[in-house]
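To start, the structure under review is shown below, and the notes come after it.
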Amino acid sequence: MSRTTKDLLYEQVARVGKALASPKRLELLELLAQGEKTVEVLAREADIGIKLASAHLRVLKEARLVVTQRDGRFIGCRLSGEDVASLWANLHEVATEHLVELRLALQQLVSGPERLTGQTRAALLRKAASGEVVVLDVRPEAEFQSAHLPHARSIPLSELKRRLGELPMEKEIVAYCRGPFCMMSTEAVELLRKRGYRATKIGDGVAEWGASGLPLERAA
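Sequence positions in the sequence shown follow our numbering and run 125 to 344.
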């Protein structure tokens, strides 16, 4: 293999690395790992302007990580494949493993979300299937419909306070949202504990669950 050819191969892989070299673009990938969203929704969720969101999405699209499709006056965006969601999950997992600063920051989120292993994921799956625990998805309903952890129950954070009566007091509640950097499950756990529930949160979202090779459920 010639040096020129080898350099070209690395250069192509570097296109993906360059696209990931932005905190906001990583956040957009995390949001899109929850399901298809419009540019307007992504801008609002990432707390940036529509023009800046469009610019970031253009970089991700050029790296073939994101695809877009116009529907009338709106542009829908989605990941180009489930492997892109796994890429995001594996990237932040490696960063958490090697960056002390990141681990310290995560520990401030209600003592840090529980990091699941293959064994603990399987155990949680068994407990949820048997009804021993209630797995609570506090993301928006549309994200739950796109994909969710097996046996999970959907109560968006914005509705949790008025729907507490739907949750059994005698069972442990395990909340999750978009992943370890998401604060929605933290807020849910704080509310549940104040109301007398036994509640914990996990760092897994659908991207992390899928990257581990475990099944996800989707709405019919």
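Think of the CB as a built atom: it goes at the ideal place given N, C-alpha and C, for glycine as much as any other residue.
Our two residues, residue 329 and residue 129, have alpha carbons roughly 39 Å apart in a direct line. Judged by beta-carbon spacing, residue 297 lies within the 7 Å limit of residue 260, meaning their Cβ atoms are closer than that value.
Across the structure, residue 160 and residue 271 are spaced so that their CA atoms are roughly 11 Å apart. Taken through DSSP and simplified to helix, strand or coil, residue 268 comes out as helix. In this structure, the beta-carbon distance from residue 269 to residue 343 falls below 7 Å.
Counting only runs that start and end inside the segment 188-244, the alpha helix (DSSP H) elements of at least 4 residues fall at 206-222, 224-231. DSSP, reduced to helix, strand and coil, places residue 295 outside both helices and strands of the structure shown, so it counts as coil. Going by DSSP, residue 261 is part of the beta strand (DSSP E) stretching over 257-261. Ranked by Cα distance from residue 206, the first of 257, 191, 244 is 191.
The alpha-carbon separation between residue 284 and residue 309 amounts to approximately 11 Å.
The beta carbon of residue 137 sits closer than 7 Å to no other beta carbon from its chain once the five residues preceding and following it are set aside. Burial is judged here by how many other beta carbons sit within 10 angstroms of a residue's own beta carbon; residue 134 has fewer than 16 and is exposed. Leaving aside the five residues that flank residue 199 on each side, the residues in its chain whose CB is nearer than 6 Å to its CB run, in chain order, 163, 192. Residue 142 counts as exposed, since fewer than 16 other beta carbons sit within 10 angstroms of its beta carbon. Looking at the DSSP output, residue 300 shares a beta bridge with 261. Assigned with DSSP and collapsed to three states, residue 276 falls in coil, not helix or strand. Residue 341 has 272 as its beta-bridge partners, per DSSP.
Note: residue 162 is bridge-paired with 200 in the DSSP secondary-structure output. For the set 245, 146, 227, the Cα lying nearest the Cα of residue 334 is the one of 245. Taking every protein chain shown into account, the CB of residue 228 has fewer than 16 other CB atoms within 10 angstroms, so this residue is exposed.
Considering only 340, 197, 139, 150, the residue with the shortest C-alpha distance to residue 305 is 150.
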